[in-house]
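Protein chains in written order, with this note's numbering: chain D, 222 to 551; chain S, 312 to 557.
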Amino acid sequence: MSKTGKIFLAALAFAIACLLPMIMGDEPYIIHIFIMSFYIGSISMAWNILGGMTGQLSLGHATFMGLGAYLTATLVIKADVSPWIGMAASFLVVGLMAAVIFYPCFVLRGPYFTLATIAFGETFRNLLMNWPYVGQGQGLLMPFGDDDFWAMRFLSKMPYYYMSLFMLIGISLAVWRLDRSKWGYAFKTIREDEDTAAAIGVDIARYKLYATFLSAGFTAVAGAFYSQYLRFIDPEIMMTVFSVEFVLPAIIGGISFVAGPLVGAILIIPLSEFLRAHFAGVVSGINIIVYAVILILVIFLKPSGLLGWLREWSDKRRLTRVPEKGGGHA
Amino acid sequence: MLKVESLTKIFRGLKAVSNVSFEMGEGGISGMIGPNGAGKTTIFNMISGFFRPTEGRVFYRGRDITDLPVHKYTGEGIARTFQIMKPLAHMNVLDNVVSGAFFGRNENRGYADAKEKALEIIEFTHLADKRHFLAKELGTADKKRLELARALATRPDLLLLDEVMAGLNPIETDEAMELVRKINRSGITILMIEHVMRAVVDLCSEILVLHHGERISFGSPEQVMNDPLVIEVYLGKDDGYGISRN
Chain D
222 MSKTGKIFLA ALAFAIACLL PMIMGDEPYI IHIFIMSFYI GSISMAWNIL GGMTGQLSLG
282 HATFMGLGAY LTATLVIKAD VSPWIGMAAS FLVVGLMAAV IFYPCFVLRG PYFTLATIAF
342 GETFRNLLMN WPYVGQGQGL LMPFGDDDFW AMRFLSKMPY YYMSLFMLIG ISLAVWRLDR
402 SKWGYAFKTI REDEDTAAAI GVDIARYKLY ATFLSAGFTA VAGAFYSQYL RFIDPEIMMT
462 VFSVEFVLPA IIGGISFVAG PLVGAILIIP LSEFLRAHFA GVVSGINIIV YAVILILVIF
522 LKPSGLLGWL REWSDKRRLT RVPEKGGGHA
Chain S
312 MLKVESLTKI FRGLKAVSNV SFEMGEGGIS GMIGPNGAGK TTIFNMISGF FRPTEGRVFY
372 RGRDITDLPV HKYTGEGIAR TFQIMKPLAH MNVLDNVVSG AFFGRNENRG YADAKEKALE
432 IIEFTHLADK RHFLAKELGT ADKKRLELAR ALATRPDLLL LDEVMAGLNP IETDEAMELV
492 RKINRSGITI LMIEHVMRAV VDLCSEILVL HHGERISFGS PEQVMNDPLV IEVYLGKDDG
552 YGISRN
């Protein structure tokens, strides 16, 4: 696709996304599905910095999200700090925490790194489960009250819709910038071959640290949003299954593409919600079955994801069209 | 420019390289030859920081670089290629070279600069019409060229080439030799490991011969090729008829 075509498409999608609530009217359930799509899309996007760009497959992102949610909620409840500040604090604190904790794990390659991230997640979940200050297993409930922008508290879903939309756009723009930067190239070089990366002059440990910081930080921001939107959190939100849920949109959309998680989230989450809402009475867990089937199909047929498939198709078309453009045959 | 002093590498009791010293000046092309397992790549790995020598030092422009972390070498102006090609498989040719152009001795610049530099090098290495191909889709000759291009993108003064001509047909070898010459003419000093004798003799002004991890000869191609020890290692004992060099 040409550059102007892409910009046009992005602008169109943005306009539709902005106007959608007005077209849909007051349909809290539909709006909720969109909010969840944007929210999961944001985290999938953030995951992709570490998982897709740098090639370090993490299954600990539910924990980064949960830590962001807990940090923000605790600040709100215990210290009456605005969630907006909590959001910023989550980015820094959780990002740094993840970077420091994972630093010794960077020598682990492939599945061993993934195992370390699962262990990391379980550790923190159990910690919070048993820590009375943050409510142990009962979790934390946000204070009730009237609509208040500063407290990120609204009765209607509309403000959350726009918040999640702008969060997704913000993270997407950041990742898009990153993709074309020195950092981005360092990340991708590390993913492809660590020896080559070192031979070019990439300090592998340092750039893995950066990738972890950004990925965990952005995920924590989404976690902060989650805590304020659902207004209730408990240690369950850190279960590894949720980490898997954040990874799927990226894999289905295509992990080597900046827009991969976005495409995946927008297709897969409404589908999953729809199936759950309409068929849960008939076959419970149908959404999970369909998830699994789609995932298996993607991994078997097109590991590069939907966008990979799209690119191959357009490449083929372009290549077969070249002779005509070249002005006849030789 | 590069001075190697009594370099030794022992892998768990196996002496891969033992007490090798040599020195090379600026601006030339030097070669390193020897039978398989002679320790050529091990020496390369020590010069480029991938292995730490068991003993010995490496000096570059008078500075001891032996203990430098591996990612610092391109910053010093030393770049290398790999014998077993390591292209960034899922990135296209352009992005492969852009990666190099962001690092090494390039100033910290934006994407537009890096891309411009990369395109120049892609042109220089004759990869321009393949710049949108994924690296894994290239044939051997182009992959070798891509290794060169990526190393060149870091703007080295000294380029270490590990068998860039292995696996090429005669025509491709000629092209590769021409490219190496062109790189050298642009002011880059080259140290190459090569099995293709025609290329070594043609390109190199001095050659280091290794056998069982030891230096057995060093000098101009004529000197080296007429060294009885080299002849013995390559062809067995001299039977009195000598060898003819082609």
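Built from N, CA and C at the ideal position, the CB exists for glycine as well.
Identify the contact partners of Tyr406/D in chain S, using a Cβ-Cβ distance below 7 Å as the criterion. Val409, Ser410 and Phe413
When you compare the CB of Asp367/D with every CB in chain S, is at least one pair closer than 8 Å? no
At which residues does the alpha helix (DSSP H) containing Phe413/S begin and terminate? Val404 to Phe413
Runs of alpha helix (DSSP H) wholly within the segment 323-350 of chain D (minimum 4 residues, chain order): 332-350
The segment 264-275 of chain D in contact with the segment 456-472 of chain D per 3-pair CB rule at 8 Å: yes
Would a C-beta distance cut-off of 8 Å place Ala283/D and Gly342/D closer than the cut-off? yes
Please identify, using Cβ separations under 8 Å, the residues of the segment 323-339 of chain S that lie next to chain D, in order along the chain. none
Under 8 Å by beta carbon: chain S residues contacting Asp416/D: Phe361, Phe393 and Lys397
My assumption, with CB atoms under 8 Å, is that Leu472/S sits in contact with Thr500/S. Please give the rounded CB distance. With a Cβ gap of about 11 Å, Leu472/S and Thr500/S do not count as contacting.
Ends of the beta strand (DSSP E) at Pro271/D? The sequence shown places Leu at residue 271/D, rather than the Pro named in the question. Per DSSP, Leu271/D belongs to no beta strand (DSSP E) and is neither H nor E.
Anything in chain S within Cβ reach of Thr410/D, meaning under 7 Å, just list it in chain order. Leu399 and Ser410
Cutoff 8 Å: Gly386/S Cβ touching any chain D Cβ: yes
Boundaries of the beta strand (DSSP E) in which Glu286/D is found, first to last residue: The identity of residue 286/D in the sequence shown is Met, whereas the question assumes Glu. No beta strand (DSSP E) holds Met286/D; the alpha helix (DSSP H) holding it covers His282 to Ala300.
Interface residues of chain D facing Asp381/S [CB-CB closer than 7 Å]: One detail in the question is off: residue 381/S reads as Val in this sequence, not Asp. Correct list: Ala419.
For Phe312/D, the residue or residues it bridges with in DSSP: Answer by DSSP bridge pairing: none, since Phe312/D is not bridged.
Answer yes or no: does any C-beta atom of chain S fall closer than 8 Å to that of Lys299/D? no
Beta-carbon within less than 8 Å of Ile490/D's beta-carbon, same chain only, minus the 5 sequence neighbours each way: which residues are those? Ile254, Met257, Ser258, Ile261, Gly262 and Pro470
Name the chain D residues that come within less than 7 Å of Val402/S, Cβ to Cβ? The identity of residue 402/S in the sequence shown is Met, whereas the question assumes Val. Residues of chain D passing the Cβ test: Lys409 and Glu413.
Contact list for Thr465/S against chain D, beta-carbon separation under 8 Å: Ile421 and Gly422
Assumed close pair Ala446/S, Asn403/S - CB separation to whole angstroms, cut-off 8 Å: 7 Å
Classify Gly388/S as buried or exposed, calling it buried when 16 or more other Cβ atoms lie within 10 Å of its own Cβ. buried
Does the beta-carbon distance from Thr465/S to Gly411/S come in below 8 Å? yes
Measure the beta-carbon distance from Phe413/S to Lys403/D and round it to whole angstroms, keeping in mind my assumption that it falls under 8 Å. 5 Å
By the 8 Å beta-carbon criterion, what residues does the segment 462-494 of chain D contribute toward chain S? Ser477
From this set, Asp513/S, Ile432/S, Ile344/S and Tyr422/S, which residue's C-alpha is nearest Val408/S's C-alpha? Ile432/S
Helix, strand or coil at Gly342/S according to DSSP, with G and I counted as helix: strand
Residues of its chain near Tyr512/D, where Cβ-Cβ distance is below 8 Å and the 5 sequence neighbours each way are ignored: Leu469, Ile489 and Ser493
Count the other CB atoms, across all protein chains shown, that sit within 10 Å of the CB of Phe229/D; report buried if there are 16 or more and exposed otherwise. exposed
Going by DSSP, which residues form a beta bridge with Ile518/S? Gly342/S and Gly530/S
Do Ala372/D and Pro304/D have their CB atoms nearer than 8 Å? yes
If you run the structure through DSSP and keep just helix, strand and coil, what is Ile509/D? helix
How would you write the range of the alpha helix (DSSP H) that Ile501/S sits in, first residue to last? Taken as a continuous stretch (DSSP letters only), Ile501/S belongs to no alpha helix (DSSP H), being part of the beta strand (DSSP E) at Thr500 to Ile504.
Start-to-end residues for the beta strand (DSSP E) that takes in Arg391/S: Ile389 to Arg391
Kindly confirm or deny that the segment 334-350 of chain S and the segment 312-326 of chain S touch, where touching means at least three C-beta pairs closer than 8 Å. yes
Distance CB(Leu516/D)-CB(Ile458/D) smaller than 8 Å: no
Are Tyr382/D and Pro242/D closer than 8 Å when you measure CB to CB? yes
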